[in-house]
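Trainee: Got a structure for you, questions after.
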Amino acid sequence: MSVVVGVGVIITNENGEVLLGKRCGKHAPYWSIFGGHVDEGETFEQCAIREIEEEIGIAITKPQVIGISNNLETYQLEGKHTVSICMIAQYQGDEPKLMEPDKCSELRWCSPDDLPEPHFEASRNSIALWKSKQFYQG
């Protein structure tokens, strides 16, 4: 088995809220920030821009790497080892919309201090790194 690298993008609005989605399908019933697996030959920034466009139909600019999370809880529970590149992007514009309703059933802007549960490990780790201004979650 190999380790999978993904990006998770904390999208914030002018009120300091974070955009979350309620997952359905194989990652149900978890809430999570948006993102996905890095394709071969792709930068983290390119992956973030592509995934956000695919999942919620918005264009983000200048996503920045803010941390790395080694998601071992998910590995212990599911046998899938992922490493997340945690990124952040400020967004102002039209309301995001669900582009993949088979993967996500609801969008919600939330306070980073009051996250809905159950919450996906990689998302929880990314938001914790951002809030604590730390770079690495092992």
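Convert by adding 26 to the 1-based position in the sequence shown; the result is the number in our numbering. Glycine included, each C-beta is placed from N, C-alpha and C at the ideal position.
Less than 7 Å separating the beta-carbons of residue 135 and residue 79?
Mentor: Along the sequence shown, read from residue 1 onward, the residue named residue 135 stands at position 109. Along the sequence shown, read from residue 1 onward, the residue named residue 79 stands at position 53. Not in contact: residue 135 and residue 79 (Cβ atoms no closer than 7 Å).
Trainee: Take residue 75 and list the residues in its own chain whose beta-carbon comes closer than 7 Å to its own, dropping the five residues that flank it on each side.
Mentor: In the sequence shown, the residue the question calls residue 75 occupies position 49. Excluding sequence neighbours, residue 75 sits near 86 and 89.
Trainee: Just to confirm before moving on: does the CB-CB distance between residue 133 and residue 47 stay below 7 Å?
Mentor: If you number the sequence shown from 1, residue 133 lands on position 107. If you number the sequence shown from 1, residue 47 lands on position 21. Contact flag set, yes.
Trainee: Work out the CA separation of residue 122 and residue 111 for me, nearest whole Å.
Mentor: As a first step, residue 111 is located in the sequence shown; it is residue number 85 there, counting from the start. As a first step, residue 122 is located in the sequence shown; it is residue number 96 there, counting from the start. Computed Cα separation, rounded: 22 Å.
Trainee: At a cut of 8 Å, does the stretch 114 to 121 reach the stretch 31 to 45 through at least three beta carbon pairs?
Mentor: yes
Trainee: Starting from residue 46, trace the alpha helix (DSSP H) both ways and give me its first and last residue.
Mentor: By one-based count along the sequence shown, residue 46 stands at place 20. No alpha helix (DSSP H) holds residue 46; the beta strand (DSSP E) holding it covers 44 to 49.
Trainee: Ordered along the chain, which non-local residues of its own chain (more than five positions away) have a Cβ less than 6 Å from that of residue 57?
Mentor: Translated into positions along the sequence shown, residue 57 becomes position 31. 46, 48, 142 and 145, listed in sequence order.
Trainee: Between the Cα of residue 40 and the Cα atoms of 96, 119 and 62, which residue gives the shortest distance?
Mentor: One-based indexing of the sequence shown puts residue 40 at position 14. Closest by alpha carbon: 119.
Trainee: Quick check on this structure: which residue in 139, 106 and 61 has the alpha carbon closest to the alpha carbon of residue 129?
Mentor: Start at 1 with the first residue of the sequence shown, and residue 129 comes out as number 103. Ranking 139, 106 and 61 by Cα distance to residue 129 puts 61 first.
Trainee: Who are the Cβ neighbours of residue 99 in its own chain at under 8 Å, not counting the five residues just before and after it?
Mentor: Position 73 of the sequence shown holds residue 99. Cβ neighbours of residue 99 beyond the five flanking positions: 147.
Trainee: Following the continuous alpha helix (DSSP H) through residue 68, name the residue where it begins and the one where it ends.
Mentor: Position 42 of the sequence shown, counted from the start, is the residue given in the question as residue 68. Run containing residue 68: none; DSSP gives neither H nor E here.
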